[in-house]
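Sequential numbering of the sequence shown, starting at 48, is according to the numbering used here.
Structure, as structure tokens:
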Amino acid sequence: MTYRILLVGGGSGGHIYPLVAISQELQNLAKERGVSFELMVLADNENWRKDFESMGVRFKRILTVKFRPVEGGRINFLAFLKLPLFLIQSLWMLFLFMPDLVFSKGGFVSLVPSFVSRLYFIPLFIHESDVVPGKANKFLAYFAKKVFISFEKSISYFKNKNMVLSGNPIRETLFGGNKLEAAKYFNLSSNKKTILVMAGSQGSASINKLLIDSVVQLTEDFQIIHQTGGRSFDSVKGEIEKIKSDGSGSYSKNIENNYRVYDFLTEGELASAYALCDIIVSRAGSSIFEISYLGKPTIVIPYPYSAGDHQRANAIEFAKFGAVVLEEGNLKPNILIDQVEHLLKPENYFSISQKIRQFSNLNAGRIIADEIYAYAFRK
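This is the structure we're talking about:
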């Protein structure tokens with residue numbers, strides 16, 4: 048018997064990459080136990096297609112819209128006008144695939160397909176990565192068969208009794224990078240301290256500006272791999288080129304030799320960047336789970352306008368394990384450089400690295416896969 052599972056997510060990498068990890072674990076489990084899973088993913092962005100199809104997982108793009116507030120706190124009326132279209136689309140897609148179970152990563156992309164699963168009497172499992180759950184997951188939890196959470200603190204936000212503290216699924220393929228090969232790929236030195244800066248798939252304007260303002264000083268002593276996000280890449284690259292052309296030969300050469308900029312890092316490139324870097328600067332989304340497993344001392348900059356201020360809540364929990372938290376109001380080059388130098392001091396680096404590893408659970412994906420298997424093949 049083949050058990051069909053529909054995985055739904057999107058909007059950002061934090062709502063997609065855990066689905067990659069779960070897909071990997073389900074495929075591994077199927078081989079171990081001699082069962083068959085047919086997996087399909089619904090997401091809103093074609094950029095994710097190759098991540099799944101390379102694993103043999105079907106991918107379908109779903110059209111969606113975010114119900115974000117507009118001026119005066121009013122809800123975007125256009126989103127409601129489009130809602131019937133999204134409902135019909137989800138009804139049709141689920142009818143064609145007719146899964147035995149729907150696994151939702153939460154977020155606005157998942158809301159309508161997950162609700163449709165209820166109309167078809169298809170069991171729903173949901174996962175929440177953040178301390179403070181989003182509105183979609185709070186709603187979906189009322190009729191979900193199981194709710195997986197990453198933080199124990201999240202329990203108080205849900206009324207569903209079938210909760211599992213799983214942690215956040217992590218892509219194992221990110222941990223196979225080789226430092227020497229990574230240095231060769233990025234044309235950097237394997238012997239020089241390297242900072243990986245991730246502005247996220249959406250492209251954080253504040254993090255990108257901080258790097259532009261700090262690049263001259265940072266590249267004197269450190270190497271930088273900078274992921275800008277697609278929308279910001281051209282402007283960031285233009286600003287960096289302007290700094291190089293306006294500056295003296297000394298720091299222009301430092302930037303040329305020690306700074307690498309990318310709009311988006313593929314899974315293989317990210318694995319290489321993780322292997323080469325010594326510390327990481329990032330938002331406080333679900334990437335903190337991958338970072339912590341690597342044991343890389345981290346500076347997190349929570350997005351201050353995240354729903355329910357969940358990134359700040361995530362950052363507070365991460366800080367208990369040694370991460371440094373910088374608020375948006377403190378994004379000054381001198382503060383960033385001070386924190387980088389603090390983390391890289393030999394007397395600090397090892398202890399922080401050991402502590403930060405304790406934050407994440409590498410078995411999260413397997414825990415979820417086991418729960419799906421137990422439900423699918425229950426007697």
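Glycine included, every Cβ here is placed at the ideal spot set by N, Cα and C.
Measuring CA to CA, which of the options is closest to residue i?
{"i": "Asp-21", "options": "Val-82, Gly-60, Tyr-352, Leu-76", "result": "Outside the shown range of the chain (48 to 426) lies residue 21, about which nothing can therefore be said."}
{"i": "Asp-98", "options": "Gln-264, Pro-351, Ile-69", "result": "Ile-69"}
{"i": "Ile-335", "options": "Gly-315, Asn-361, Ala-354, Gln-270", "result": "Asn-361"}
{"i": "Glu-93", "options": "Gln-71, Ile-63, Glu-85", "result": "Ile-63"}
{"i": "Lys-392", "options": "Ala-411, Lys-240, Gly-57", "result": "Lys-240"}
{"i": "Leu-86", "options": "Arg-330, Ile-52, Val-67", "result": "Ile-52"}
{"i": "Ser-297", "options": "Ile-384, Val-263, Ile-272, Phe-162", "result": "Val-263"}
{"i": "Phe-150", "options": "Phe-190, His-174, Val-179", "result": "His-174"}
{"i": "Lys-291", "options": "Asp-310, Thr-266, Tyr-309", "result": "Thr-266"}
{"i": "Lys-208", "options": "Val-67, Glu-303, Lys-192", "result": "Lys-192"}
Give a single yes or no on whether residue i has its beta carbon closer than 6 Å to a heavy atom of the ligand NAD.
{"i": "Ala-246", "result": "Inclusion of the ligand NAD in the displayed structure is not the case, the ligand content being empty and no account of it being possible."}
Report all residues from its chain with a CB closer than 8 Å to the CB of residue i; omit the five preceding and five following residues, and keep chain order.
{"i": "Phe-424", "result": "Tyr-50, Val-82"}
{"i": "Ala-230", "result": "Ser-236, Ser-237, Leu-323"}
{"i": "Ile-382", "result": "Leu-373"}
{"i": "Gly-120", "result": "Residue placement at Gly-120 is poorly supported in this model, since its pLDDT is 46, which falls under 50; the coordinates still yield a value, given next. Closer than 8 Å at the Cβ level, and outside the excluded window around Gly-120, lies no residue."}
{"i": "Lys-185", "result": "Tyr-204, Phe-205"}
Look at the alpha carbon of residue i and the alpha carbon of residue j, and state the distance between them as a whole number of angstroms.
{"i": "Lys-367", "j": "Ile-217", "result": "20 Å"}
{"i": "Ile-415", "j": "Phe-195", "result": "8 Å"}
{"i": "Gly-285", "j": "Lys-107", "result": "35 Å"}
{"i": "Asp-147", "j": "Phe-172", "result": "11 Å"}
{"i": "Gln-386", "j": "Ser-398", "result": "15 Å"}
{"i": "Arg-307", "j": "Glu-314", "result": "17 Å"}
{"i": "Ala-77", "j": "Ser-299", "result": "54 Å"}
{"i": "Ser-197", "j": "Lys-343", "result": "20 Å"}
{"i": "Pro-180", "j": "Ser-201", "result": "7 Å"}
{"i": "Leu-312", "j": "Glu-228", "result": "16 Å"}
{"i": "Gly-369", "j": "Phe-406", "result": "9 Å"}
{"i": "Ile-384", "j": "Ala-252", "result": "19 Å"}
{"i": "Tyr-167", "j": "Asp-281", "result": "45 Å"}
Using DSSP bridges, identify the partner residues of residue i.
{"i": "Phe-195", "result": "His-174, Val-211"}
{"i": "Ile-326", "result": "Ile-242"}
{"i": "Val-149", "result": "Leu-53, Leu-171"}
{"i": "Lys-107", "result": "Leu-89"}
Please work out which residues of its chain come closer than 7 Å, Cβ to Cβ, to residue i, disregarding the five sequence neighbours upstream and downstream, and give them in chain order.
{"i": "Ala-246", "result": "Ile-254, Asn-255, Gln-274, Thr-275, Gly-276, Ser-279"}
{"i": "Glu-118", "result": "For Glu-118, the pLDDT reaches just 42, beneath the cut-off of 50, and the residue's location in the model is therefore unreliable, leaving the point undetermined."}
{"i": "Tyr-396", "result": "Pro-344, Leu-390"}
{"i": "Leu-66", "result": "Leu-54, Gly-56, Val-88, Lys-152"}
Report all residues from its chain with a CB closer than 6 Å to the CB of residue i; omit the five preceding and five following residues, and keep chain order.
{"i": "Leu-341", "result": "Tyr-321"}
{"i": "Phe-222", "result": "none"}
{"i": "Ser-333", "result": "Gly-61, Ser-176, Asn-215"}
Consider the Cβ of residue i: report whether some Cβ of chain C lies at a distance smaller than 7 Å.
{"i": "Ala-229", "result": "No chain C appears in the structure shown, which is made up of a single protein chain."}
Given a cut-off of 7 Å on the beta-carbon distance, is the pair residue i and residue j in contact?
{"i": "Ser-176", "j": "Asn-225", "result": "no"}
{"i": "Ile-326", "j": "Ile-242", "result": "yes"}
{"i": "Val-159", "j": "Phe-133", "result": "yes"}
{"i": "Asp-260", "j": "Pro-380", "result": "yes"}
{"i": "Gly-58", "j": "Lys-152", "result": "no"}
{"i": "Ser-319", "j": "Tyr-232", "result": "yes"}
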